[in-house]
Structures are given as C-alpha cells and as structure tokens.
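Residue numbers (this note's numbering): 6 to 430.
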C-alpha cells in the first residue's frame with residue numbers, strides 16, 4: 006500500500022484533507038465576486054488551497070454551473086517579482102486570451118479592448134475597459150496570487166501606487182468580473198503598512214480584501230488526518246504523532262510519512278518512533294527556522310520563555326535553572342502569546358509555571374539546537390542575542406539564565422540533539 010502522507014510539493018486534490026470550512030468560505034466569496042486574502046505561516050497549506058480552488062476536477066463541486074465561464078490564473082510572486090505591469094497582466098490573461106480572444110481575431114470587443122491594453126502597456130484606465138468587456142460577455146477572471154508578500158518588497162517592479170491603486174479600483178468596480186485570492190504570511194495590516202508611503206491620506210490599498218487566517222488543525226482534524234494510517238498506526242502512534250507535530254499540517258504530514266515508512270524497516274515501536282523523530286527534525290528544521298526568523302523579537306521572547314518551561318527541554322536541571330526569572334515579564338507579552346496560540350505553536354497548560362506549553366514538540370528540538378550553537382564558541386551567545394534583537398528586551402538575570410540553559414543543554418547533548426533523538430523512544 007502506498008504512503009498516504011505526501012509532503013513537500015503542494016498537495017493534490019485527492020490527498021487534500023481538512024480545511025473544509027475555509028474552502029466553503031472561499032468558494033462562496035469567489036461565487037459572489039468578492040476578493041479574499043489567505044494568511045498563514047510557512048507550510049500551512051496556502052498553496053495547496055489555491056491549487057484546490059483552481060483545479061478543473063473540483064470546480065463543479067465548488068462553484069456549480071457557473072465555473073465553465075470562469076478563468077483561474079495562478080501566479081507565484083517568489084518567481085515573479087521582476088515582472089512589469091504589462092508582463093503581469095499578459096500572464097494573468099494568458100488562458101482567457103487563448104480561449105476567447107485569439108480565436109476571434111480582432112473583431113470582438115474583448116479583442117479590441119485587449120489590443121488597446123497592449124498598446125498602452127496595460128495601464129489601469131484601459132485595463133478597466135477590458136475587464137468591463139469581460140464582464141459584459143459573462144466571463145470572470147480569478148487571480149490566485151501566491152507569496153503575495155513578495156509584491157510589496159522594495160525590489161519588486163510592481164511595488165507602486167499605479168499597480169496597487171489600479172488593482173483595487175478595477176477589482177472593486179468590475180461587478181465581479183475580477184476576483185483576487187491572495188496568499189501571504191503577513192496579515193493585511195502589515196501589507197497596508199508596507200504600502201502606506203504610496204497612499205498616506207487615502208484608504209489602504211488592500212481594504213477590498215477579506216482576510217482568512219489559516220488556523221492550525223484542531224484535535225479532530227489531526228485525528229482525521231492520522232486516521233489515514235488505518236490499521237498500521239496504533240493508538241500510541243497517533244498520540245506520539247499528535248505530540249511531535251501539534252496542529253501544524255506540514256509537521257504532521259512529515260512525521261506520519263516517516264513513521265509509515267519506519268514500519269517497513271523496524272519491528273519495535275520505540276525504534277520506529279526514534280526514526281520518526283530523527284527524520285522529522287532533519288526535514289522540518291528549515292521550515293521552523295524560517296518561521297522563527299520572521300517572528301518579531303517579542304514573539305521569539307514569548308516562545309522561548311514558554312519552551313524553557315517545557316518538559317521536553319531535555320537535559321535542563323530544573324533545580325539549577327531559575328524559570329521564574331525567565332517568566333517574570335510574560336504577562337507583558339500577552340498579545341504575542343495570543344498570536345502564538347492562534348497559530349498553533351503553544352497551548353494553555355495550567356500545570357506549568359508559565360501556564361502554557363509548546364504544541365509541536367519538534368519546535369522544542371530545534372530550539373535546543375539553537376541554544377547549543379549559541380554557546381558553542383566564545384562570544385557566540387552575545388552575537389546570538391543581538392541576532393534575535395533582544396539587546397533591550399532581556400534583563401541581565403534573564404540573559405544569564407538563558408546562557409545557563411544553553412550550556413546545560415550543550416553538556417547534556419554531547420553528541421548533538423540529532424544523535425539524542427535517534428535514541429529516544
């Protein structure tokens with residue numbers, strides 16, 4: 006039997022699980038001609054969601070009989086930052102052009118409006134006339150813009166008032182003929198702030214988008230996903246996978262895939278779990294590192310404090326480490342704690358000193374390794390503190406306790422966290 010837990014590339018519709026409520030909301034908004042911004046952390050299924058929305062085999066199910074008159078255009082801004090406005094719209098309209106413009110030559114009104122756009126480098130004024138013709142002909146263009154954050158980077162050619170203002174104006178006045186579904190890690194408030202220099206007195210450029218935040222998988226959704234393991238996974242396996250992956254879709258998929266394969270090579274449950282831990286740590290470290298990098302200094306500080314109060318901060322002597330000192334400012338970080346909880350990285354735990362615990366255990370392994378690296382070389386810890394932008398956020402006592410934690414972990418993990426995980430049951 007094939008491994009039912011694919012990961013790495015966007016998940017194809019047959020393997021797409023959960024997110025039913027999000028799909029229903031997105032399909033409803035597309036059907037009524039409204040635009041949406043999908044917001045979620047790295048590897049939480051944003052691209053898979055966009056692919057599901059546009060795949061031909063799902064359109065009838067999602068949109069009904071209107072779907073044949075709709076054109077879905079997917080653009081990934083990780084590779085499209087250097088497009089000009091003309092190049093962007095040429096790509097966005099490529100399928101529609103091939104289907105309804107090119108076959109009719111220059112005789113239809115849509116074809117004439119498209120030619121006018123080409124002659125004027127797809128300026129907003131002529132583009133609005135083209136979209137109006139598309140609407141009158143009964144068609145709809147749905148733009149699926151992945152990695153939308155990249156669009157507001159300084160080196161993006163489309164990071165301009167002309168493009169953003171035109172996009173908002175055309176979408177809001179198109180009577181549903183132009184619908185946008187964007188996917189980004191940053192919320193709309195951050196994108197609006199990033200483009201504020203172009204529009205200091207007017208309405209934010211992205212206020213026509215409704216924000217849909219991808220939440221972590223609930224316990225029920227986790228159970229549904231792990232249920233694909235059927236008879237191969239025991240109840241203990243499912244508890245183990247839920248603990249190491251939390252509600253993070255990618256971490257769960259990686260861990261479940263690794264455990265599935267481990268069954269082919271290892272008979273003992275403890276050894277299978279050790280193999281799974283090791284593979285998950287190697288595969289997921291880059292994703293976790295990227296997530297950590299994009300957090301604010303305050304968010305990192307809040308997570309670190311919770312993690313150091315975590316049972317799985319292996320090797321820390323709880324009698325030597327002064328956890329209360331590290332937690333004394335936690336009440337001031339309530340907004341960050343709430344954000345971490347909503348994103349599925351921590352959960353409430355009344356039996357801990359902090360009142361919280363890390364939800365995906367894999368994050369704790371990565372943080373262990375970070376602290377060990379920080380104290381490995383002379384001066385390395387201070388450099389690491391500055392990299393986290395914690396210079397003014399940590400008191401001396403907190404800094405000392407954090408360094409003590411790193412040195413304690415280094416002493417315990419003499420062969421590194423990776424070697425340790427291979428031996429953990």
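For glycine and all other residues, C-beta sits at the position ideal for the given N, C-alpha and C.
In the structure shown, residue 154 adopts helical secondary structure according to DSSP, grouped into three states.
Non-local C-beta neighbours of residue 365 in its own chain, meaning closer than 8 Å and more than five positions away in sequence, comprise 249, 250, 251, 252, 253, 256, 349, 350, ordered along the chain.
Annotation: residue 334 is outside any beta strand (DSSP E) and is labelled neither H nor E by DSSP.
Contact annotation: the stretch 299–307 touches the stretch 388–402, with at least three C-beta pairs closer than 8 Å. Under the three-state reduction of DSSP, residue 300 is assigned to coil, being neither helix nor strand. Boundaries of the beta strand (DSSP E) harbouring residue 185: 183–189, taken from the DSSP string. Taking all protein chains shown into account, residue 277 has 16 or more neighbouring C-beta atoms within 10 Å of its C-beta and is therefore buried.
DSSP, reduced to helix, strand and coil, places residue 79 within a strand of the structure shown.
If you draw a straight line from the Cα of residue 407 to the Cα of residue 338, it is about 18 Å long. DSSP, read as helix, strand or coil, puts residue 361 in strand. C-alpha of residue 150 to C-alpha of residue 20: approximately 22 Å in a straight line.
For residue 160, the three-state secondary structure derived from DSSP is coil.
Of the candidates 146, 70, 243, 336, 146 places its Cα closest to the Cα of residue 180. Distance from residue 368 to residue 293 at the Cβ level is roughly 6 Å; contact confirmed, criterion being Cβ atoms closer than 8 Å. DSSP places residue 205 outside both helix and strand once states are collapsed to three, so it counts as coil.
Shown here, residue 200 sits in coil according to DSSP, grouped into three states, outside any helix or strand. With 16 or more neighbouring CB atoms inside 10 Å of its own CB, residue 122 falls in the buried class. Within the same chain, 410, 411, 414 come within 7 Å of residue 376 by CB-CB distance, once the 5 residues on both sides are set aside. Within its own chain, the residues whose Cβ lies closer than 8 Å to the Cβ of residue 8, once the five positions on either side in sequence are excluded, are 262, 265, 266, listed in chain order.
Taking a C-beta distance under 7 Å as the contact criterion, residue 189 and residue 154 qualify as a contact pair. Secondary structure note for residue 217: its beta strand (DSSP E) is the uninterrupted segment 215–218.
Within the stretch 35–66, the runs of beta strand (DSSP E) at least 3 residues long that lie entirely inside it are, in chain order, 41–44. Residue 282 is not a Cβ neighbour of residue 315, given a cutoff of 7 Å.
Straight-line measurement puts the Cα of residue 218 at about 31 Å from the Cα of residue 91. Boundaries cannot be given for residue 87, as no alpha helix (DSSP H) includes it and DSSP labels it neither H nor E. In the DSSP annotation of this structure, residue 348 is not part of any beta strand (DSSP E), being labelled neither H nor E.
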